[in-house]
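Student: Here it is, the structure, as structure tokens.
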Amino acid sequence: MVDAKPNRRERLRAEAAQEIKTIALKHMAENGTAAVSLRAIAREMGMTAGAIYSYYDTRDDLITALIADVYNSLVQALEEAIAGASGDPVEQVMAYGRAYRTWALANPQEFRLVYGDPAPDYQAPPCGPAAEAEHRACTALTGVVVSAWPWAERLHGEGGYTWDDYSPEFVVMVRSAFADLHPAAVALAMRLWGRLHGLVSLEIYGHLRPQVQDPAKLFHEELVDLTRLLGLSVPVAALSD
700 MVDAKPNRRE
710 RLRAEAAQEI
720 KTIALKHMAE
730 NGTAAVSLRA
740 IAREMGMTAG
750 AIYSYYDTRD
760 DLITALIADV
770 YNSLVQALEE
780 AIAGASGDPV
790 EQVMAYGRAY
800 RTWALANPQE
810 FRLVYGDPAP
820 DYQAPPCGPA
830 AEAEHRACTA
840 LTGVVVSAWP
850 WAERLHGEGG
860 YTWDDYSPEF
870 VVMVRSAFAD
880 LHPAAVALAM
890 RLWGRLHGLV
900 SLEIYGHLRP
910 QVQDPAKLFH
920 EELVDLTRLL
930 GLSVPVAALS
940 D
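Here you go:
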């Protein structure tokens, strides 16, 4: 059965909802996350305050929708990069890291929304589209570690981690995606994320440029080092890419 195309009213509503999110991101870029206000957005769009509440019941609902969009955009970039890296674990690490940095540099405000200071008084729902998108982001990196685990296990398999080291909800999520996952592999994925995220965050927040002429070179060397952390042999071509 072919799904019916949205009618004109539905299209206009979807366009208005997208415009609300676009303006919210603009307000964040100009004045930080505290600047998000449904009333302020309504004024800019020429809408009444009551009309905008027909799209989002509360400011938190709008922020949650933004976070879900941001995570989905990031995950799409990461998944596409991994898919284009074939099955080679070295290529996957390099592709994931480059895609993470490239996306962040192209979307700095979105990066700050999900990884920077949270919006004041924002209460994230425990489940829903935003949480699902965040889980997909976690699964993408875990999958990279899983592909390298035959090499990484000899270095990290005896790290003493058990599933009791993680929250029960997180365990259910990662083990539903990777049934045979070793708990030490999860810790390794988090370590990789921390190192990648650390350099990208320093660059996004403007802390690298005063000291480093070429942040891309520094980041590339970190990626090469991470492949070694995974116990992988790095091809000569990767060293100078």
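Taking the working numbering, the leading residue of the sequence shown gets 700, the next gets one more, and so forth.
Glycine included, C-beta positions come from ideal geometry on N, C-alpha and C.
Among residues of its own chain, excluding the 5 on either side of Met700, which ones have a beta-carbon nearer than 8 Å to its beta-carbon?
Tutor: Low confidence applies here, because Met700 scores a pLDDT of 49, under 50, leaving its location unreliable and the question unanswered by this model.
Student: Closer than 8 Å is the cut-off here; do at least three beta carbon pairs connect the segment 780-790 with the segment 838-855?
Tutor: yes
Student: Would the beta-carbon of Pro788 fall within 7 Å of that of Leu931?
Tutor: yes
Student: According to the neighbour-count rule (16 or more other Cβ atoms, all chains shown, within 10 Å of its Cβ), is Pro882 buried or exposed?
Tutor: A residue is called buried once 16 or more other Cβ atoms fall within 10 Å of its Cβ, and Pro882 is buried on that count.
Student: Roughly how many angstroms lie between the CA atoms of Lys704 and Thr861, to the nearest whole one?
Tutor: 49 Å
Student: I need the boundaries of the alpha helix (DSSP H) containing Phe810, first residue and last residue.
Tutor: 807-814
Student: Mapping DSSP to helix, strand and coil, what is Pro819?
Tutor: DSSP places Pro819 in the coil class of the three-state scheme, outside both helix and strand.
Student: Any contact of the segment 823-841 with the segment 759-768, i.e. 3+ C-beta pairs under 8 Å?
Tutor: The segment 823-841, when compared against the segment 759-768, does touch it at the 8 Å Cβ threshold.
Student: Specify, as a first and last residue, the run of the alpha helix (DSSP H) that Val885 falls within.
Tutor: 882-903
Student: Going residue by residue through the segment 722-792, where are the continuous alpha helix (DSSP H) segments of at least 4 residues, counting only ones entirely within it?
Tutor: 737-744, 748-751, 758-782, all fully within the segment 722-792.
Student: In whole angstroms, what separates the C-alpha of Val735 from that of Asp759?
Tutor: 10 Å
Student: Quick check: is any heavy atom of the ligand SAH less than 6 Å from the C-beta of Ala728?
Tutor: Annotation note on the ligand SAH: not contained in the displayed structure, which lists no ligands.
Student: Counting only beta-carbon separations shorter than 7 Å, does Leu898 have a partner in chain D?
Tutor: Included in the structure is just one protein chain, with no chain D present.
Student: From which residue to which residue does the alpha helix (DSSP H) around His834 run?
Tutor: 828-855
Student: Is the beta carbon of Ala803 sitting closer than 7 Å to the one on Ile903?
Tutor: Closer than 7 Å, so yes.
Student: Can you give the beta carbon distance from Gly796 to Leu895, rounded, assuming they're within the 8 Å contact cut?
Tutor: 5 Å
Student: On the three-pair Cβ rule with 8 Å, is the segment 806-815 touching the segment 751-758?
Tutor: no
Student: Just to confirm, are Arg738 and Ala748 a CB contact at a threshold of 7 Å?
Tutor: If you check the CB distance, Arg738 and Ala748 come in under 7 Å.
Student: Below 8 Å CB to CB, which residues in the same chain sit around Glu718 once its five sequence neighbours on both sides are set aside?
Tutor: Within the same chain, Glu718 has close Cβ partners Met744.
Student: For Arg811, tell me which candidate among Leu711, Ser875, Ala798, Ala733 has the shortest Cα-Cα distance.
Tutor: Ala733
Student: If you reduce the DSSP assignment to three classes, tell me which class Pro914 lands in.
Tutor: helix
Student: Pick out whichever of Leu854, Lys916, Asn771 has its Cα sitting closest to the Cα of Leu887.
Tutor: Nearest C-alpha to Leu887: Leu854.
Student: With distances taken between CB atoms, is the gap from Leu898 to Gln808 smaller than 7 Å?
Tutor: no
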